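For reference, the structure discussed in these notes is given below.
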DNA sequence: GGGAAAACCGGACTCTCGGTACAGTAAAAA
DNA sequence: TTTTTACTGTACCGAGAGTCCGGTTTTCCC
């Protein structure tokens, strides 16, 4: 797997997406103007519309890139965790620790979740974009559900719980933690929440 | 405590706020136009600006009302829970059950959290509005922290946890659960998350 | 180095939105 | 009845949003 160089067009496209993502996570999609993006990117309006059909197309591209990156990040974290621990439960616990570490390392705190941001403005987007966010959440659930299935084979849970709900909770804690951190301007709250969820997993499968 | 009748002006003001809240939770603040609100409320633009100085003032009033209502709802739930159980831990567990029930009873699912909605568009609001959201979260934390302090006196936790982080987690689970439910259009996921958090509290203070 | 495709530029056009100003009026409260 | 309260009506403005088209430069590839 080698990295192929980006064409000039792809570079510009990524530059626009970077600027758009930052702006959208702070002001929302509607109040992020195309004009401000092209001004910051150093291109003209026509240049923008060469890359994106319309504003909704920008939203779609942004979300697609965000979901792809998430996939890469989580695959990497799981791979690193699995390399350290063969046991499914302890692998998962290590993963959560790595995740919390990753979030602690973000200097200005987590910039925000595009999916969460879209969810409070979903009427702005076309149906296919909304379906993308839903599909993204389902993929998350499936990924963690798979891990949990392997855990319960070896560690019967101390309480009778629905594993899909536990799998959902990963996303819930992250999205809720981001909101908490943003609201109180305290980046450390997010990793704290992840570690508290980790405590829950420990208690649930391992006990005190 | 008796309810005093609303003046006509207060009725209109509330009607505007109702419409604004619903719209803002679906489209975001920026794309909720004053024009659409007055059309739906059956008043004119002048009527709107009689009640609110500008759009930011609308945002402030909306948030203030939301926080006040939250306070009333949670006071009521705690009062009902405390009436059933004197014990702090079991009172808290009953509270969480009542909260989950309340959320299950919302026919179209939870409409959304104004604080969470504002958080992904905070650059749109004046400093005082942002400070209000932060203060709202702090009040939440203080409320739950107080309960947890009373619990630990009687039930030493099975793990060494920071109680502020546990207190934060109530808001985290609710805000994250709302996002989950909205994204997958499945209202039941939110109460499920609350009950899963309840499981965590049980395991933490009571054990399996 | 030449041609084709990719990557943009310039500018114009239409719409909506937030906000202002101000004069007047109906209805409710005192 | 008088005085607030709660609006209506109209007219206006500047800013900015999204869109479109015809042209021009830049880059890539042979």
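Protein chains in written order, with the working numbering: chain A, -15 to 192; chain B, -15 to 192. Beta carbons are placed, not taken as given, at the ideal position from N, Cα and C, and that holds for glycine. The structure displayed is predicted, hence computed values, not measured ones.
Check your understanding: Going by beta carbon distance, what residues of the same chain come within less than 7 Å of residue 135 of chain A, once the five residues before and after it are set aside?
Key -> Excluding five sequence positions before and after residue 135 of chain A, the CB atoms of its chain that fall closer than 7 Å to its own CB belong to 72, 73, 76, 189, given in chain order.
**Study point:** Near-chain A residues of the segment 136 to 154 of chain B - C-beta to any C-beta below 8 Å
**Key:** Within the segment 136 to 154 of chain B, the residues whose Cβ lies closer than 8 Å to some Cβ of chain A are 142, 143, 145, 146, 149, 150, 152, 153, listed in chain order.
Check your understanding: Can you name the residues of chain A whose CB is closer than 8 Å to the CB of residue 92 of chain B?
Key -> Those within 8 Å of residue 92 of chain B in chain A number zero; the least Cβ separation is about 14 Å.
**Study point:** Min CB distance residue 11 of chain B to chain A below 8 Å
**Key:** Yes, residue 11 of chain B counts as interfacial toward chain A.
Review point. For chain A, is any of its Cβ atoms less than 8 Å away from the one on residue 130 of chain B?
Key: False, the Cβ-Cβ gap to chain A never drops below 8 Å.
Review point. Going straight from the alpha carbon of residue 82 of chain A to that of residue 108 of chain A, what length do you get?
Key: Here the alpha carbons of residue 108 of chain A and residue 82 of chain A stand approximately 35 Å from one another.
Check your understanding: Helix, strand or coil: which one does DSSP assign to residue -14 of chain A?
Key -> Annotation note: pLDDT 45 at residue -14 of chain A (below 50); position unreliable, no value reported.
**Study point:** Residue from A:86, A:68, A:-4 with nearest C-alpha to residue 78 of chain A
**Key:** Minimum Cα distance to residue 78 of chain A is reached at A:68.
Point to revise | the segment 3 to 21 of chain B touching the segment 6 to 14 of chain A, judged by at least three CB pairs closer than 8 Å | key: Between the segment 3 to 21 of chain B and the segment 6 to 14 of chain A, the count of Cβ pairs shorter than 8 Å is three or higher; the stretches touch.
Point to revise | For residue 5 of chain A, the three-state DSSP class (helix, strand or coil) | key: Three-state DSSP puts residue 5 of chain A in a helix.
Review point. Any beta-carbon of chain A closer than 8 Å to the one on residue 113 of chain B?
Key: Answer no: the Cβ-Cβ gap between residue 113 of chain B and chain A never drops below 8 Å.
**Study point:** Nearest to residue 142 of chain B (by Cα), restricted to the options B:19, B:191, B:40
**Key:** Cα-wise, what sits closest to residue 142 of chain B is B:191.
**Study point:** For residue 44 of chain A, the nearest candidate out of A:23, A:80, A:5 (CA to CA)
**Key:** Nearest C-alpha to residue 44 of chain A: A:5.
Check your understanding: How would you call residue 91 of chain A, buried or exposed, if buried means at least 16 neighbouring beta carbons within 10 angstroms?
Key -> Result: exposed.
**Study point:** Whole alpha helix (DSSP H) elements within the segment 36 to 112 of chain B, 4-residue minimum
**Key:** Counting whole runs of 4 or more residues, the segment 36 to 112 of chain B contains the alpha helix (DSSP H) stretches 39 to 68, 72 to 88, 98 to 103.
Point to revise | Exposed unless 16 or more other CB atoms sit within 10 angstroms - verdict on residue 117 of chain A | key: The residue is buried, with at least 16 neighbouring Cβ atoms inside 10 Å.
Check your understanding: How is residue 158 of chain B classed by DSSP in three states: helix, strand or coil?
Key -> In this structure, residue 158 of chain B counts as helix in the three-state DSSP scheme.
Practice item. Verify the CB distance criterion: does residue 88 of chain B have a CB-CB separation below 8 Å to chain A? Key: No, no contact with chain A.
Check your understanding: Roughly how many whole angstroms lie between the Cα atoms of residue 80 of chain B and residue 152 of chain B?
Key -> Taking the Cα positions, residue 80 of chain B is about 14 Å away from residue 152 of chain B.
Check your understanding: Closer than 7 Å, Cβ to any Cβ of chain A: which residues of the segment 167 to 184 of chain B, in chain order?
Key -> Cβ contacts with chain A: 167, 168, 173, 176, 177, 180, 183, 184.
Practice item. Give the C-beta separation of residue 0 of chain A and residue 25 of chain A to the nearest angstrom, bearing in mind that I take them to be a contact with Cβ-Cβ under 8 Å. Key: Yes, they are in contact, since the Cβ atoms of residue 0 of chain A and residue 25 of chain A sit about 5 Å apart, within 8 Å.
Practice item. Confirm, please, whether the CB-CB distance from residue 8 of chain B to residue 110 of chain B is below 8 Å. Key: Their beta carbons are not under 8 Å apart, which means residue 110 of chain B does not touch residue 8 of chain B by this criterion.
Point to revise | With 16 other Cβ atoms within 10 Å as the buried cut-off, status of residue 163 of chain A | key: The residue is buried, with at least 16 neighbouring Cβ atoms inside 10 Å.
Practice item. Out of B:158, B:150, B:169, point me to the one whose CA is closest to residue 185 of chain B's CA. Key: Residue B:150 is the option with its Cα nearest to residue 185 of chain B.
Check your understanding: How would you list, in chain order, the residues of chain A whose beta-carbon sits under 7 Å from the beta-carbon of residue 118 of chain B?
Key -> Correct list: 167, 168.
Review point. Does DSSP put residue 170 of chain A in a helix, a strand or coil?
Key: In this structure, DSSP gives residue 170 of chain A a state outside helix and strand, which the three-state scheme calls coil.
Check your understanding: If you run the structure through DSSP and keep just helix, strand and coil, what is residue 132 of chain A?
Key -> Correct three-state label for residue 132 of chain A: helix.
Check your understanding: What residues from chain A crowd round residue 188 of chain B, counting only those whose CB sits closer than 7 Å?
Key -> Taking the beta carbon of residue 188 of chain B as reference, the chain A residues within 7 Å of it are 187, listed in sequence order.
Practice item. Check whether the Cβ atoms of residue 94 of chain B and residue 169 of chain B lie closer than 8 Å to each other. Key: No, Cβ-Cβ distance for residue 94 of chain B and residue 169 of chain B is not below 8 Å.
Practice item. Would you check if the distance between the CB atom of residue 27 of chain B and the CB atom of residue -9 of chain B is smaller than 8 Å? Key: For residue 27 of chain B and residue -9 of chain B, no; Cβs fall outside 8 Å.
Check your understanding: What residues in its chain sit with their C-beta under 7 Å from that of residue 87 of chain A, if we drop five residues either side in the sequence?
Key -> Around residue 87 of chain A: 94, 174, 175, 178.
Exercise for review: Determine, using beta carbons only, whether residue 30 of chain B comes closer than 8 Å to chain A.
Suggested key: It does not; no Cβ of chain A falls within 8 Å.
Review point. If you drop the 5 nearest sequence neighbours on each side, which residues of the same chain put their C-beta closer than 7 Å to that of residue 49 of chain B?
Key: So the list reads 1, once near-sequence residues are dropped.
Review point. For residue 171 of chain A, is the classification buried or exposed, using 16 other Cβ atoms within 10 angstroms of its Cβ as the cut-off for buried?
Key: For residue 171 of chain A, the number of other beta carbons within 10 angstroms of its own is at least 16, and it is reported as buried.
Review point. What is the rounded straight-line gap between the Cα of residue 147 of chain A and the Cα of residue 160 of chain A?
Key: Approximately 20 Å, taken between the alpha carbons.
Review point. Under the three-state reduction of DSSP, which class applies to residue 145 of chain A: helix, strand or coil?
Key: In the structure shown, residue 145 of chain A adopts coil according to DSSP, grouped into three states.
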